[in-house]
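Q:
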Amino acid sequence: MHSPQSSVPSADATLAQSAYLRLRSDIVDGHLAPGEKLRVEHLKDRYEVGAGTLREALALLVADALVVQHGHRGFRVTPISLADFIDITETRVQLETEALRQSVALGDDTWEADLTSAFHLLTLAEERLGDPANDKTGDGGRFAQWETRNRAFHEVLIRACPSRWLHHFLAILYRQSERYRRLSITHRPVPRDVHEEHQAIFDACLARDADKAAALLAAHIRKTLEAVRELPDAVINAGTVPLATVR
Numbered sequence: 001m002h003s004p005q006s007s008v009p010s011a012d013a014t015l016a017q018s019a020y021l022r023l024r025s026d027i028v029d030g031h032l033a034p035g036e037k038l039r040v041e042h043l044k045d046r047y048e049v050g051a052g053t054l055r056e057a058l059a060l061l062v063a064d065a066l067v068v069q070h071g072h073r074g075f076r077v078t079p080i081s082l083a084d085f086i087d088i089t090e091t092r093v094q095l096e097t098e099a100l101r102q103s104v105a106l107g108d109d110t111w112e113a114d115l116t117s118a119f120h121l122l123t124l125a126e127e128r129l130g131d132p133a134n135d136k137t138g139d140g141g142r143f144a145q146w147e148t149r150n151r152a153f154h155e156v157l158i159r160a161c162p163s164r165w166l167h168h169f170l171a172i173l174y175r176q177s178e179r180y181r182r183l184s185i186t187h188r189p190v191p192r193d194v195h196e197e198h199q200a201i202f203d204a205c206l207a208r209d210a211d212k213a214a215a216l217l218a219a220h221i222r223k224t225l226e227a228v229r230e231l232p233d234a235v236i237n238a239g240t241v242p243l244a245t246v247r
């Protein structure tokens, strides 16, 4: 049997997890640009961790496919491209709509209650996102709050799906799509009512209409691809967003 202490994360593991989360956020936000070389000797000072801890964090990002390792030549932020996002989107549509169908079929009263709560919190964040005067989070926190609640809503939608592998792969795909979604929302190349899209999906789920919910979710996911298609090549190639919009 394991000793009680064995389940407690070590200080090094906690530092690696913290560095991983900070690096992932900077990659998703575009502060570390697609294709950028990640030099351990520079980043360890920026993130205030040792070289070994930083390499652990980078290894976790390699597993997320947000960082690529080139043998002994070091690490780079995974590049982005329209072709890559098409692949991410269509794979996500296939897996997430199946997970949603299972979730609608198997979700109990607790799932409905959790979904209602997640949708309500997301609605409040969307209202604040559209009304700067109603920003209670301060200094650009509206977007970060919306992103967190948007992720939570999508997670609850499929929570009743019993397949751990579907959840595992969808978590990776969601993290991959975050970089593209940031670009589409920040630059707003096509008009869309994201709240209305979420409302329709939510209503279909409560009505236990799996076919309609899946169709609406697929359209919702593909809408971001449509927006990214409209972005100038220079924006996609740079893969960055203005600091003021995400901080």
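Under the UniProt record's numbering, the first residue of the sequence shown is numbered 1, with each subsequent residue one higher.
A virtual CB, placed ideally from N, CA and C, is assigned to each residue, including glycine.
Going by beta-carbon coordinates alone, are residue 119 and residue 198 separated by less than 8 angstroms?
A: Walking along the sequence shown from the start, residue 119 turns up at place 119. Walking along the sequence shown from the start, residue 198 turns up at place 198. Yes, Cβ-Cβ distance for residue 119 and residue 198 is below 8 angstroms.
Q: Going straight from the alpha carbon of residue 126 to that of residue 149, what length do you get?
A: As a first step, residue 126 is located in the sequence shown; it is residue number 126 there, counting from the start. As a first step, residue 149 is located in the sequence shown; it is residue number 149 there, counting from the start. Rounded to whole angstroms, residue 126 to residue 149 spans 9 angstroms at the Cα level.
Q: Express the C-alpha separation of residue 65 and residue 161 in angstroms, rounding to a whole number.
A: Against the sequence shown, residue 161 aligns to sequence position 161. Against the sequence shown, residue 65 aligns to sequence position 65. Taking the straight line from one Cα to the other gives about 24 angstroms.
Q: Apart from the five residues just before and just after residue 54, which ones in its own chain have a Cβ nearer than 7 angstroms to its Cβ?
A: Residue numbering aside, residue 54 sits at position 54 when the sequence shown is read from its first letter. Closer than 7 angstroms at the Cβ level, and outside the excluded window around residue 54, lie 19, 40, 43, 44, 47.
Q: Which residue from 88, 50, 22, 193 puts its Cα closest to that of residue 61?
A: Taking the sequence shown and counting its residues from 1, the one referred to as residue 61 is at position 61. Out of 88, 50, 22, 193, 22 has the C-alpha closest to the C-alpha of residue 61.
Q: Within 8 angstroms of any Cβ in chain B, is that where the Cβ of residue 65 sits?
A: In the structure shown, chain B cannot be found, because there is only a single protein chain.
Q: If you compare alpha carbons, which of 216, 179, 172, 207 is closest to residue 236?
A: As a position in the sequence shown, residue 236 is number 236, starting the count at 1. Closest by alpha carbon: 179.
Q: Apply the 10 Å Cβ neighbour rule to residue 208 and answer buried if 16 or more other Cβ atoms are within range, or exposed otherwise.
A: Here residue 208 corresponds to residue number 208 of the sequence shown, with the count starting at 1. Exposed: under 16 other Cβ atoms inside 10 Å.
Q: Report buried or exposed for residue 132, applying the criterion of at least 16 other Cβ atoms within 10 angstroms of its Cβ.
A: For the purposes of this step, residue 132 is taken as residue 132 along the sequence shown, with counting starting at 1. For residue 132, the pLDDT reaches just 49, beneath the cut-off of 50, and the residue's location in the model is therefore unreliable, leaving the point undetermined.
Q: Among 29, 217, 73, which has the Cα closest to the Cα of residue 201?
A: The sequence position of residue 201 within the sequence shown is 201, counting from 1. Among 29, 217, 73, the Cα nearest to that of residue 201 belongs to 217.
Q: Which one or two residues does DSSP pair with residue 69 in a beta bridge?
A: Stepping through the sequence shown from its first residue, residue 69 is reached at position 69. Answer is 75.
Q: Verify whether the separation of the beta carbon atoms of residue 88 and residue 170 is less than 8 angstroms.
A: Along the sequence shown, read from residue 1 onward, the residue named residue 88 stands at position 88. Along the sequence shown, read from residue 1 onward, the residue named residue 170 stands at position 170. Against a cut-off of 8 angstroms, the Cβ pair of residue 170 and residue 88 comes out as no contact.
Q: Is it right to say residue 110 is buried, meaning 16 or more other beta carbons lie within 10 angstroms of its own, or is it exposed?
A: Against the sequence shown, residue 110 aligns to sequence position 110. It counts as exposed.
Q: How is the alpha helix (DSSP H) around residue 31 delimited, first residue to last?
A: Start at 1 with the first residue of the sequence shown, and residue 31 comes out as number 31. Unbroken run through residue 31: none, as it is neither H nor E.
Q: In whole angstroms, give me the CA-to-CA distance for residue 112 and residue 194.
A: Here residue 112 is taken as the residue at index 112 of the sequence shown, counted from 1. Here residue 194 is taken as the residue at index 194 of the sequence shown, counted from 1. Each residue's Cα considered, the two are about 21 angstroms apart.
Q: Look up residue 231 in the DSSP assignment and say whether it is helix, strand or coil.
A: Stepping through the sequence shown from its first residue, residue 231 is reached at position 231. Three-state result, residue 231: coil.
Q: Leaving aside the five residues before and after residue 153 along the sequence, list all residues of the same chain whose C-beta is less than 7 angstroms from its C-beta, in chain order.
A: For the purposes of this step, residue 153 is taken as residue 153 along the sequence shown, with counting starting at 1. Answer for residue 153: 118, 119, 122, 198, listed in chain order.
Q: Please tell me whether residue 100 and residue 214 are closer than 8 angstroms, where the distance is taken between their beta carbons.
A: The residue labelled residue 100 in the question sits at position 100 within the sequence shown. The residue labelled residue 214 in the question sits at position 214 within the sequence shown. Contact flag set, yes.
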